[in-house]
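To start, the structure under review is shown below, and the notes come after it.
Numbering (our numbering), first residue to last: 1 to 169.
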């Protein structure tokens with residue numbers, strides 16, 4: 001006896017699931033999107049997802065995870081303006097004062113409408129972390145053909161919190 005499987009339901013469940021996420025992580029992110037944004041499950045599953053990995057960029061992942069845990073949004077909108085991104089960096093406090101081996105990481109990203117004033121900032125290594133993050137984010141925007149105002153989700157993996165202390169890896 002064979003069971004008929006509705007491949008449409010199976011396909012919808014995994015639509016846009018990043019390879020880096022387990023099924024449980026994906027479902028948790030979608031549920032959080034539905035709850036916080038009031039979107040349908042299908043609507044949340046269709047959104048592009050930018051994954052910040054604590055194994056690739058540990059200090060950036062810690063900053064992003066702690067910012068999201070503190071109430072900063074994980075549902076962001078692409079700004080599509082280099083001028084706006086530069087202004088957001090300044091408004092977040094990531095101006096010319098930063099230099100040397102450290103770089104200013106801000107969350108929400110300066111390249112989003114949510115970035116700028118009120119963003120959480122943290123010093124992180126320019127090489128390699130900030131370069132990796134910049135390149136990953138640029139590829140993400142390009143591969144998803146992001147336009148001004150397009151929404152996307154951010155999730156952080158491989159960061160643990162124990163007794164209020166964040167660790168990556």
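Cβ coordinates follow ideal geometry from the N, Cα and C atoms, glycine included.
Assigned exposure category for residue i - 16 Cβ within 10 Å defines buried
{"i": "residue 163", "result": "exposed"}
{"i": "residue 54", "result": "buried"}
{"i": "residue 129", "result": "buried"}
{"i": "residue 106", "result": "buried"}
{"i": "residue 116", "result": "buried"}
{"i": "residue 83", "result": "exposed"}
Residue i to residue j span [Cα, whole Å]
{"i": "residue 67", "j": "residue 42", "result": "26 Å"}
{"i": "residue 159", "j": "residue 57", "result": "10 Å"}
{"i": "residue 145", "j": "residue 153", "result": "15 Å"}
{"i": "residue 33", "j": "residue 134", "result": "25 Å"}
{"i": "residue 49", "j": "residue 17", "result": "8 Å"}
{"i": "residue 131", "j": "residue 25", "result": "26 Å"}
{"i": "residue 91", "j": "residue 120", "result": "11 Å"}
{"i": "residue 151", "j": "residue 76", "result": "5 Å"}
{"i": "residue 7", "j": "residue 45", "result": "With a pLDDT of 44 at residue 7, under the threshold of 50, the modelled position of that residue is not reliable, and the figure given next carries that caveat. One C-alpha to the other measures close to 16 Å."}
{"i": "residue 95", "j": "residue 143", "result": "29 Å"}
{"i": "residue 22", "j": "residue 118", "result": "31 Å"}
{"i": "residue 166", "j": "residue 20", "result": "20 Å"}
{"i": "residue 108", "j": "residue 136", "result": "15 Å"}
{"i": "residue 148", "j": "residue 73", "result": "18 Å"}
{"i": "residue 28", "j": "residue 88", "result": "30 Å"}
{"i": "residue 93", "j": "residue 70", "result": "18 Å"}
{"i": "residue 138", "j": "residue 36", "result": "26 Å"}
Same chain, Cβ closer than 6 Å to residue i, neighbours up to 5 away in sequence not counted
{"i": "residue 38", "result": "none"}
{"i": "residue 52", "result": "61, 64, 156"}
{"i": "residue 111", "result": "79, 85"}
{"i": "residue 122", "result": "63, 105"}
{"i": "residue 113", "result": "77, 79"}
Cβ shell of residue i (< 8 Å), same chain only, five flanking positions each side left out
{"i": "residue 30", "result": "41, 44, 45"}
Chain-order list of residues whose beta-carbon lies under 7 Å from that of residue i (same chain, five-residue window excluded)
{"i": "residue 169", "result": "54, 55, 58, 158"}
{"i": "residue 101", "result": "125, 126"}
Anticipated Cβ contact below 8 Å, residue i with residue j, distance rounded
{"i": "residue 126", "j": "residue 103", "result": "4 Å"}
| Which parts of the stretch 16-61 are runs of the beta strand (DSSP E), unbroken and 3 residues or longer, counting only runs that do not cross its ends? | 49-53
| query | What alpha helix (DSSP H) runs, 4 residues minimum, are completely inside the stretch 77-151? | reply | 82-92, 131-143
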